[in-house]
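Chemist: Quick one: structure below, then a few questions.
There are 2 protein chains.
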Amino acid sequence: MKTPARKNMRPEDRRAQLLDCAQILFFSKGFEETTMQDVLEFANVSKGGFYHHFKSKEELLFGVLDRLADGVLSQMAVVVADETSSAIDLLHNFTHLRANYLREHDYPAQVEIFRTMNLDRNLALLEQFKRRVRVGATPILSKILQKGREEGVFNVKDVETAAELILHISNFLDFALTRAIDARGTENAKLAGEKLQSAIDLQFLTIDRVLGLPDGTTNFGWPDAVKATMETKPAG
Amino acid sequence: MKTPARKNMRPEDRRAQLLDCAQILFFSKGFEETTMQDVLEFANVSKGGFYHHFKSKEELLFGVLDRLADGVLSQMAVVVADETSSAIDLLHNFTHLRANYLREHDYPAQVEIFRTMNLDRNLALLEQFKRRVRVGATPILSKILQKGREEGVFNVKDVETAAELILHISNFLDFALTRAIDARGTENAKLAGEKLQSAIDLQFLTIDRVLGLPDGTTNFGWPDAVKATMETKPAG
DNA sequence: ATAAACAGACCAACGGTCGGTTTCAAGGGA
DNA sequence: TCCCTTGAAACCGACCGTTGGTCTGTTTAT
Chain A
130 MKTPARKNMR PEDRRAQLLD CAQILFFSKG FEETTMQDVL EFANVSKGGF YHHFKSKEEL
190 LFGVLDRLAD GVLSQMAVVV ADETSSAIDL LHNFTHLRAN YLREHDYPAQ VEIFRTMNLD
250 RNLALLEQFK RRVRVGATPI LSKILQKGRE EGVFNVKDVE TAAELILHIS NFLDFALTRA
310 IDARGTENAK LAGEKLQSAI DLQFLTIDRV LGLPDGTTNF GWPDAVKATM ETKPAG
Chain B
130 MKTPARKNMR PEDRRAQLLD CAQILFFSKG FEETTMQDVL EFANVSKGGF YHHFKSKEEL
190 LFGVLDRLAD GVLSQMAVVV ADETSSAIDL LHNFTHLRAN YLREHDYPAQ VEIFRTMNLD
250 RNLALLEQFK RRVRVGATPI LSKILQKGRE EGVFNVKDVE TAAELILHIS NFLDFALTRA
310 IDARGTENAK LAGEKLQSAI DLQFLTIDRV LGLPDGTTNF GWPDAVKATM ETKPAG
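Here the protein sequences come in this chain order: A and B. For the first sequence, counting from 1, position 48 maps to 177 in the working numbering; every step adds exactly one. For the second sequence, counting from 1, position 199 maps to 328 in the working numbering; every step adds exactly one.
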C-alpha cells in the first residue's frame, strides 16, 4: 500500500522551512518548552525527515540564531561599506539602523515581536542572539571608530574596547524598552514612557561622552519613538 | 529488615546542603546537563527525600540563584547604610566592593570560579543571576547617586536610569575579564591583558563621564588587578 | 539503479509522583 | 527517671508519561 502523494523538497528549502517553524515556536513557547513533536507537527514532517537535515534540537536552535544574527549584521556591513561618508555620518547611520528598521516596517507588529523575544522564558535564547550580534558587530563599529579617530573627531584610546562598550550599552536600552512596553495601558504607562525617554537620552549621551563628542551629537534619530511605542496596543 | 542508620536532617540544613550540591553541579556541568540523579547521588538523598524539600528542579535553581544574589546585595546594603560618608566615598566603596572581595579571598580560586560561571553553557544561569543582582542593586546605587546630586557633585538627570546604565556596564567588564582569563598562558596573553586594562579604564572613565565627574575620579581601586589575573594558573 | 528524502516504531533517560517506611521529639503513665 | 505510645515530618525507591534521538526500512526523483 502506498500513500498517494509525497513531495520531496529541495534540502535548502526544507531546511529553511524547518528554521521558519522553529523560530516561530521557540520564541512563542520558549526553546525548552518547545518539543520536537511541536516542530514536526507544525512543519508536517516526520522525525526521520527532520533528523535527515538537522542532527539535533540544539543545532536547529543555532541555525535559527545564526540566521537572525546574519540578518542584522549584513545591514551593518552595508552601512560601513560606504567609503565616502565621514565617520560621524557612518556612526549616525549605524546607530539609526534599528530605529530605521522599526519605522520602515509595521511598528506595532515589531513591538510585539520585540516583546515576545524579551519574555523571561526567552532570556537564554535572546542572550545567545545578542552575543552573536555583539561579536559580529564589534569589528564593524571598530572600523567606524578607527576612521573617526583618524579624522580627529573621536577621542578614544582603544577603538575595539570602545566599540564593545557601546554595543553593550544597547542591552540597557532593551531593558528599559521592555519595561515600557509592559507598562502600556496600565497606570504606570506615563512614568514608564518618561523612563524610556530617559534611557534613550542617557544611552546616546553616554556614547557622545565615551567618544569625546559634544553632548547631543548622536541620537536615536526618531523623536517620537516613545510616543509611537506607548500608543501601541497591549496584547490582550 | 531495617537499614541500620539514617539521619534525618533539620529541614533548613538539608535545604542548604541540597543548594550547595546543586550550585556546584549546576556551574560545573551546566543546569540542563545536570541530572536530578546527579544531585541526588552527590547529596546522598533519595528522590522522595529531595522532592520533600523542593517542588521542582527549577525551584532548586531559583534557590541557588537567589542565595547567590542575596550574598552580593547584602554587601551592597552594608555600604549604603553608612550615613556619614559623602556620596563620592559611598560610590567609591560601592565600585570597590568586587575588587575588595576578590582580593581578600584566595584570588586564583576566585578567578577559577568566575571562569567556570562564565562558560558558554552557563550563559542562561549567569544572566538570570545578573538580572537579580541588577534589579536589587538599582535602588541601592540610585540612593548613592541621589545623595551625590543633593551634594551637588553628581550631574545626572535621572538617578535611577543612570544607576541602571552603570550596572549594565559591568557586564561589559565581565566579558573582557572572561576573555583575558581564557587567554592566560597562550600567545595572546599579553594582548588580552592590555585589552582587559583598556576595558577597566574605559568602564570607570564612562562612569566618571556619565556622572559629570572629572576623568579619573572613580577607578577599580586595584592597580595590579590585571597583573594578578594574568599570573593566575590556567586550568589544565 | 541508486542516492537522497522521508517515515515511524522504537529506545534510553529524564523530571516528577506516590504509597509506603523510618526517624525522632513530645507527651503520659508508672 | 524510665519506657512506651503516637503522629508528623523526613525520607525512600519503584513507577510513570514524555522527551530527544536512533534505526531500519520505504518512497521519491534523477
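Note that the Cβ used here is the ideal one computed from N, Cα and C, for glycine as well.
Between which two residues does the alpha helix (DSSP H) containing B/Ser299 stretch?
Modeler: For the purposes of this step, residue 299 of chain B is taken as residue 170 along the second sequence, with counting starting at 1. Val288 to Ala312 is the span of the alpha helix (DSSP H), which, as asked, contains B/Ser299.
Chemist: Could you tell me how far apart the beta carbons of B/Ser271 and B/Glu289 are, in whole angstroms, since I believe they sit closer than 8 angstroms?
Modeler: To locate residue 271 of chain B, count along the second sequence from 1; it is residue 142. To locate residue 289 of chain B, count along the second sequence from 1; it is residue 160. B/Ser271 to B/Glu289, Cβ: 5 angstroms. Contact.
Chemist: If the cut-off is 8 angstroms on Cβ atoms, which residues from the region 327-347 of chain B count as contacting chain A, listed in chain order?
Modeler: Cβ contacts with chain A come from Ser327, Ala328, Asp330, Leu331, Gln332, Leu334, Thr335, Arg338 and Val339.
Chemist: Give the single residue among B/Val339, B/Ala216 and B/Ile329 whose Cα lies nearest to the Cα of A/Ser327.
Modeler: Taking the first residue of the first sequence as 1, we reach residue 327 of chain A at position 198. Measuring from the Cα of A/Ser327, the nearest candidate turns out to be B/Val339.
Chemist: Could one say the Cβ of A/Leu270 lies closer than 8 angstroms to chain B's Cβ atoms, at least one of them?
Modeler: The sequence position of residue 270 of chain A within the first sequence is 141, counting from 1. A/Leu270 does not count as touching chain B.
Chemist: B/Ala228 to B/Gly341, Cα distance in whole Å?
Modeler: Indexing the second sequence from 1 puts residue 228 of chain B at position 99. Indexing the second sequence from 1 puts residue 341 of chain B at position 212. One C-alpha to the other measures close to 24 angstroms.
Chemist: Below 7 angstroms, is the gap between the Cβ of B/Ala309 and the nearest heavy atom of the ligand HEM?
Modeler: Looking for the ligand HEM in the displayed structure turns up nothing, as the structure carries no ligands at all.
Chemist: Along chain A, in chain order, which residues have C-beta atoms closer than 9 angstroms to that of B/Leu252?
Modeler: Start at 1 with the first residue of the second sequence, and residue 252 of chain B comes out as number 123. Per Cβ cutoff of 9 angstroms: Ala253, Glu256, Gln257 and Arg260.
Chemist: Using a Cβ cut-off of 8 angstroms, pull out every chain B residue sitting near A/Glu293, in sequence order please.
Modeler: In the first sequence, counting from the first residue as 1, residue 293 of chain A sits at position 164. Phe301, Phe304, Ala305 and Ala328, listed in chain order.
Chemist: Taking the alpha-carbon positions, what's the A/Gln239 to B/Lys286 distance?
Modeler: Within the first sequence, numbered from 1, the residue matching residue 239 of chain A stands at position 110. Within the second sequence, numbered from 1, the residue matching residue 286 of chain B stands at position 157. Computed Cα separation, rounded: 30 angstroms.
Chemist: Would you mind sorting A/Glu293 into buried or exposed? The rule is 16 or more other CB atoms within 10 Å of its CB.
Modeler: For the purposes of this step, residue 293 of chain A is taken as the residue at position 164 of the first sequence. Result: buried.
Chemist: Quick one: measure Cβ to Cβ for A/Asn251 and A/Phe156, integer angstroms, because I've assumed they're closer than 8 angstroms.
Modeler: Here residue 251 of chain A is taken as the residue at index 122 of the first sequence, counted from 1. Here residue 156 of chain A is taken as the residue at index 27 of the first sequence, counted from 1. That pair is a contact at about 6 angstroms.
Chemist: Using three-state DSSP, classify A/Gly322 as helix, strand or coil.
Modeler: The sequence position of residue 322 of chain A within the first sequence is 193, counting from 1. It is helical.
Chemist: Which chain A residues sit within Cβ distance under 8 angstroms of B/Asp117?
Modeler: Residue 117 of chain B lies beyond the stretch modelled for chain B, which goes from 130 to 365, so this question has no answer here.
Chemist: Excluding the five sequence neighbours on either side, which residues of its own chain have a C-beta within less than 6 angstroms of the C-beta of A/Leu147, listed in chain order?
Modeler: Locating residue 147 of chain A in the first sequence gives position 18, where the first residue counts as 1. Only Ala172 meet the Cβ criterion.
Chemist: Taking the alpha-carbon positions, what's the A/Thr213 to A/Gly281 distance?
Modeler: The residue you call residue 213 of chain A lines up with position 84 of the first sequence. The residue you call residue 281 of chain A lines up with position 152 of the first sequence. Between A/Thr213 and A/Gly281, the C-alpha separation is close to 17 angstroms.
Chemist: Measuring only between beta-carbons, confirm whether B/Thr164 sits less than 8 angstroms from chain A.
Modeler: For this step, residue 164 of chain B is matched to residue 35 along the second sequence. Not an interface residue.
Chemist: Considering only C-alpha positions, which residue in the set A/Asn348, A/Asn247, A/Gln275 and A/Arg260 is nearest to A/Ala305?
Modeler: As a working mapping, residue 305 of chain A is identified with position 176 in the first sequence. Ranking the options by Cα distance to A/Ala305, first place goes to A/Asn247.
Chemist: Is there a C-beta anywhere in chain A that falls below 8 angstroms from the one on B/Lys276?
Modeler: In the second sequence, residue 276 of chain B corresponds to position 147, counting from 1. By this cut-off, B/Lys276 is not an interface position.
Chemist: With distances taken between CB atoms, is the gap from A/Ala253 to B/Ala253 smaller than 8 angstroms?
Modeler: By 1-based counting over the first sequence, the position of residue 253 of chain A is 124. By 1-based counting over the second sequence, the position of residue 253 of chain B is 124. Taking 8 angstroms as the Cβ cut-off, A/Ala253 and B/Ala253 qualify as a contacting pair.
Chemist: Grab the span of the alpha helix (DSSP H) containing A/Pro363 for me, first residue to last.
Modeler: Here residue 363 of chain A refers to the residue found at position 234 of the first sequence. Note, A/Pro363: premise wrong, no alpha helix (DSSP H); not H, not E.
Chemist: Could you give the DSSP three-state label for A/Gly177: helix, strand or coil?
Modeler: The residue labelled residue 177 of chain A in the question sits at position 48 within the first sequence. Reduced to three states, the DSSP call for A/Gly177 is helix.
Chemist: Does the beta-carbon of A/Gly200 have 16 or more other beta-carbons within 10 angstroms, so that it is buried, or is it exposed?
Modeler: Within the first sequence, the letter at position 71 stands for residue 200 of chain A. Exposed is the call here.
Chemist: At which residue ranges does the region 196-244 of chain A contain complete alpha helix (DSSP H) runs of 4 or more residues, listed in the order of the chain?
Modeler: Counting only runs of 4 or more, we get 216-233.
Chemist: Can you pull the chain A neighbours of B/Lys286, defined as C-beta to C-beta under 8 angstroms?
Modeler: On the second sequence, residue 286 of chain B is found 157 positions in, with the first residue counted as 1. Correct list: Ser327, Asp330 and Leu331.
Chemist: For B/Thr132, collect the residues of the same chain with a Cβ closer than 8 angstroms to its Cβ; drop the 5 residues on either side in sequence, then sort them by chain order.
Modeler: Looking up residue 132 of chain B in the second sequence gives position 3. Note that B/Thr132 scores a pLDDT of 47, beneath 50, so its modelled location is shaky and nothing firm can be said.
Chemist: Rounding to the nearest angstrom, what Cα-Cα distance links B/Val355 and A/Leu302 in this structure?
Modeler: Taking the first residue of the second sequence as position 1, residue 355 of chain B is located at position 226. Taking the first residue of the first sequence as position 1, residue 302 of chain A is located at position 173. Each residue's Cα considered, the two are about 30 angstroms apart.
Chemist: Since B/Lys272 is in the alpha helix (DSSP H), which residue starts that stretch and which ends it?
Modeler: Taking the second sequence and counting its residues from 1, one reaches residue 272 of chain B at position 143. Note, B/Lys272: alpha helix (DSSP H), Leu252 to Glu280.
Chemist: Under a three-way DSSP split, which group does A/Met165 fall into?
Modeler: Counting from one through the first sequence, the residue named residue 165 of chain A turns up at place 36. A/Met165 falls in the helix class under three-state DSSP.
Chemist: For B/Met359, which option in B/His234, B/Thr346, B/Ala312 and B/Ile217 has the closest C-alpha, if you only look at C-alpha atoms?
Modeler: For the purposes of this step, residue 359 of chain B is taken as residue 230 along the second sequence, with counting starting at 1. Here the closest residue by C-alpha is B/Ala312.
Chemist: Return the Cβ separation of A/Asp337 and A/Asp344 in integer angstroms, given the expectation that the two are a contact with Cβ distance under 8 angstroms.
Modeler: Indexing the first sequence from 1 puts residue 337 of chain A at position 208. Indexing the first sequence from 1 puts residue 344 of chain A at position 215. With a Cβ gap of about 5 angstroms, A/Asp337 and A/Asp344 count as contacting.
Chemist: Can you find the residues in the same chain that come closer than 8 angstroms, C-beta to C-beta, to B/Pro352, ignoring five residues on each side of it along the sequence?
Modeler: Locating residue 352 of chain B in the second sequence gives position 223, where the first residue counts as 1. So the list is empty, once near-sequence residues are dropped.
Chemist: Looking at the structure shown, is B/Pro352 part of a helix, part of a strand, or coil, going by DSSP?
Modeler: The residue labelled residue 352 of chain B in the question sits at position 223 within the second sequence. Note: B/Pro352 maps to coil in three-state DSSP.
Chemist: Alpha carbons only, please: which of A/Glu323, A/Ile295, A/Tyr180 and A/Arg260 is nearest the one belonging to A/Asp195?
Modeler: Within the first sequence, residue 195 of chain A is the residue found at index 66, counting from 1. Minimum Cα distance to A/Asp195 is reached at A/Arg260.
Chemist: Is A/Lys324 close to chain B, meaning its C-beta is less than 8 angstroms from at least one C-beta of that chain?
Modeler: Start at 1 with the first residue of the first sequence, and residue 324 of chain A comes out as number 195. Answer yes: the Cβ-Cβ gap between A/Lys324 and chain B drops below 8 angstroms somewhere.
Chemist: Does DSSP classify A/Pro140 as helix, strand or coil?
Modeler: Start at 1 with the first residue of the first sequence, and residue 140 of chain A comes out as number 11. Residue state, collapsed to three classes: helix.
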